[in-house]
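Residues in the sequence shown are numbered from 28 upward in steps of one, following my numbering. All C-beta atoms in this analysis are idealised placements derived from N, C-alpha and C, irrespective of residue type, glycine included. All figures in this text were calculated on a predicted structure; none of them were measured in a lab.
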Amino acid sequence: MNWPWGASPRRTRPSRPRRRSPRTGAGRSRPPATSGRDRAPHACRTAWRASRAGRAGRREVSGRPRPWPRALTASPVLALVLALTSGCGHVPDAAGAPALPRPSAAVVSVPSSTPYMSMTLVPTPVPSPPPIPPQPKVLVVGLDGVRHDRLLAARAVHFRQLMRAGTFLTGRLEVLKKVRSSSGPGWSTVLTGVAPGKHGVHNNSFEGRQFTKYPDFLTRLERIRPSLHTAAVTGWRYLMDTGAVGALVDWHATSHLKPYEIGDKDAFIIDRMTDLIRTSQVDIAFMHLEVTDAVAHRSGVLGPDYRRAIETVDGYLGRLFGAIRARRTFAAERWTIIVTTDHGHRDEGGHGGVSPQERSIFVLAAGPGIAQGVRGGGARQVDVAATVFAQLGIPLPGSLDGRSLSAVQVDK
28 MNWPWGASPR
38 RTRPSRPRRR
48 SPRTGAGRSR
58 PPATSGRDRA
68 PHACRTAWRA
78 SRAGRAGRRE
88 VSGRPRPWPR
98 ALTASPVLAL
108 VLALTSGCGH
118 VPDAAGAPAL
128 PRPSAAVVSV
138 PSSTPYMSMT
148 LVPTPVPSPP
158 PIPPQPKVLV
168 VGLDGVRHDR
178 LLAARAVHFR
188 QLMRAGTFLT
198 GRLEVLKKVR
208 SSSGPGWSTV
218 LTGVAPGKHG
228 VHNNSFEGRQ
238 FTKYPDFLTR
248 LERIRPSLHT
258 AAVTGWRYLM
268 DTGAVGALVD
278 WHATSHLKPY
288 EIGDKDAFII
298 DRMTDLIRTS
308 QVDIAFMHLE
318 VTDAVAHRSG
328 VLGPDYRRAI
338 ETVDGYLGRL
348 FGAIRARRTF
358 AAERWTIIVT
368 TDHGHRDEGG
378 HGGVSPQERS
388 IFVLAAGPGI
398 AQGVRGGGAR
408 QVDVAATVFA
418 QLGIPLPGSL
428 DGRSLSAVQV
438 DK
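(1) For Ala181, collect the residues of the same chain with a Cβ closer than 6 Å to its Cβ; drop the 5 residues on either side in sequence, then sort them by chain order.
(2) With burial defined as no fewer than 16 other Cβ atoms inside 10 Å of the residue's Cβ, what is the status of Thr219: buried or exposed?
(3) In the DSSP assignment, what are the bridge partners of Val366?
(4) How would you write the range of the alpha helix (DSSP H) that Thr319 sits in, first residue to last?
(5) So, are the CB atoms of Leu166 and Ile364 less than 7 Å apart?
(6) Give me the DSSP bridge partner(s) of Ile311.
(7) Who are the near neighbours of Gly227 in its chain, counting only those whose CB is closer than 6 Å to its CB and skipping five residues on each side?
(8) DSSP has Ala440 in a bridge; who is on the other side?
(9) Kindly confirm or deny that the stretch 366-377 and the stretch 306-313 touch, where touching means at least three C-beta pairs closer than 8 Å.
(10) Evaluate Ile304 with the Cβ neighbour count: other Cβ atoms within 10 Å of its Cβ, from every protein chain shown; 16 or more gives buried, anything less gives exposed.
(11) Just the C-alpha distance for Leu344 and Gly169, rounded to the nearest angstrom, thanks.
(12) What's the gap between the Cα of Ala271 and the Cα of Ile297?
(13) Identify, in the order they occur along the chain, each residue of the same chain with its Cβ nearer than 6 Å to the Cβ of Ala83, setting aside the five sequence neighbours on each side.
(14) Comparing C-alpha positions only, which one of Gly213, Leu432 and Phe195 sits nearest to Leu203?
(15) Does the Cβ of Thr363 lie closer than 6 Å to at least one heavy atom of the ligand MG?
(16) Between which two residues does the beta strand (DSSP E) harbouring Gly198 extend?
(17) Any idea which residues DSSP pairs Val401 with across the strands?
(18) By DSSP, does Thr100 sit in helix, in strand, or in coil?
(19) Considering only the beta carbon of each residue, do Ala413 and Gly429 sit closer than 7 Å?
(20) Just reading off the alpha helix (DSSP H) that Tyr241 is part of, what are its end residues?
(21) Per the DSSP calculation, Trp263 is bridged to which residue(s)?
(22) Straight-line CA distance for His175 to Asp341?
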């Protein structure tokens, strides 16, 4: 066997005469004196022989049996350790040959009948840091003037994916005196989480609003937990100008495209929101799209134009999904997506009255803790804000009128 420090030594046999060496003469002649570095291999061979002969208690050097030193007899491990540490690691002078490398550490276990003490060094385990819990995120998508029956009739693949992943509830606006089925009361209820009797908005004039007393859920979250990053993007400036979305919100965007074609503002809004989600820190965001309401006012809800408008919005929803997945921190986040509307439309288009079609609403939510594949009735706009708080893990303010959709139990 070839060791790092040379060939394996051979055991000598005293019964045979040693061969004459051409350099040293007779076999019993002692070799000429050598320097310390030249003796290093010999010291290694001697210690190796000592470890091999440990059980017999004898060693052989140049064919002559000699008694073991007591220290080596008591511990065969010591002989091998000496072999590793003496001579083999000798550092030569500048003119000498390169020395063999010294081992940085050695753990030796030699079987022996002689009892000895052994010590095993076990590294102290370093405790791993506790796992960081996933960060909750919520996106609320408001679609203006969408009737849920026409939504189900359209080819809306992303909506259906969201329905399978969450809870889809339909319902009708409550008939209240002087409260119209319009965007002002509808979005005020969604944003504040309280009924029109509290927030005070009964029509699109926003007269009588009580947003200071009942602020939107973004403003509430900013006050309760200022470290949260909030955002609101809408094409309807009234939501910003009247305070339905408060000034404390971190990131505002509205569309100023005038004149514009139907759908242009929504394309602008979706570009802003997808860019914000993909590249910025955001914890809770609200966006509002108008194209479905504009088409319904112009063409009604039974024709192909309204269906195409819903399918266009469905494509926007797919872009939002892609922006969320493209986030650098997506693996450490858990997202909840809520989609809702403010009112419905008559078949021929138009709203503001109390007909079932005009009061048609829905709430769709998917995220951790929300039942999957559930459909039912009883949708309420006040439940949106309550669901936002629950999904962020923040206790619901006592003034909210709604409840989280994670608590809804209905038959599939």
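The answer reads as follows:
(1) Translated into the one-based positions of the sequence shown, residue 181 becomes position 154. Excluding sequence neighbours, Ala181 sits near Arg334, Ile337 and Glu338.
(2) Taking the sequence shown and counting its residues from 1, one reaches residue 219 at position 192. Classification of Thr219: buried, given that the 10 Å Cβ count is 16 or more.
(3) Reading the sequence shown from its first residue, position 339 is the one you call residue 366. DSSP, once it has assigned bridges, lists Val168 and Leu391 as partnering Val366.
(4) Within the sequence shown, residue 319 is the residue found at index 292, counting from 1. Unbroken alpha helix (DSSP H) run through Thr319: Val318 to Ser326.
(5) As a position in the sequence shown, residue 166 is number 139, starting the count at 1. As a position in the sequence shown, residue 364 is number 337, starting the count at 1. Contact: yes.
(6) In the sequence shown, residue 311 corresponds to position 284, counting from 1. Val165 and Thr257.
(7) As a position in the sequence shown, residue 227 is number 200, starting the count at 1. Once the five neighbours on either side are set aside, the close Cβ partners of Gly227 are Gly235, Arg236 and Gln237.
(8) With the chain running from 28 to 439 in the structure shown, residue 440 is simply not present.
(9) no
(10) Within the sequence shown, numbered from 1, the residue matching residue 304 stands at position 277. Looking at its Cβ environment, which holds 16 or more other Cβ atoms inside 10 Å, Ile304 is buried.
(11) Position 317 of the sequence shown, counted from the first residue, corresponds to residue 344. Position 142 of the sequence shown, counted from the first residue, corresponds to residue 169. Straight-line Cα distance between these residues: approximately 11 Å.
(12) As a working mapping, residue 271 is identified with position 244 in the sequence shown. As a working mapping, residue 297 is identified with position 270 in the sequence shown. Cα-Cα distance, rounded: 20 Å.
(13) Along the sequence shown, read from residue 1 onward, the residue named residue 83 stands at position 56. Any answer about Ala83 is weak, because its pLDDT of 47 lies below 50 and its placement is not dependable; what the coordinates show is given next. Hits under 6 Å: none found.
(14) Position 176 of the sequence shown, counting from 1, holds the residue named residue 203. Of Gly213, Leu432 and Phe195, the residue nearest in Cα terms is Gly213.
(15) Ligands in the displayed structure: none, and consequently the ligand MG is not present.
(16) Against the sequence shown, residue 198 aligns to sequence position 171. Unbroken beta strand (DSSP E) run through Gly198: Thr194 to Arg199.
(17) In the sequence shown, counting from the first residue as 1, residue 401 sits at position 374. Per DSSP, Thr194.
(18) Taking the sequence shown and counting its residues from 1, the one referred to as residue 100 is at position 73. With a pLDDT of 46 at Thr100, under the threshold of 50, the predicted position of this residue should be treated as unreliable, though the coordinate-derived value follows. Thr100: helix per DSSP, three-state reduction.
(19) Walking along the sequence shown from the start, residue 413 turns up at place 386. Walking along the sequence shown from the start, residue 429 turns up at place 402. A contact, by the Cβ cut-off of 7 Å.
(20) As a working mapping, residue 241 is identified with position 214 in the sequence shown. Where Tyr241 is concerned, there is no enclosing alpha helix (DSSP H), given that its DSSP letter is neither H nor E.
(21) Translated into positions along the sequence shown, residue 263 becomes position 236. According to DSSP, Trp263 bridges with nothing at all.
(22) Sequence index remark: in the sequence shown, residue 175 carries index 148 (1-based). Sequence index remark: in the sequence shown, residue 341 carries index 314 (1-based). If I take the Cα positions, the gap works out to 13 Å.
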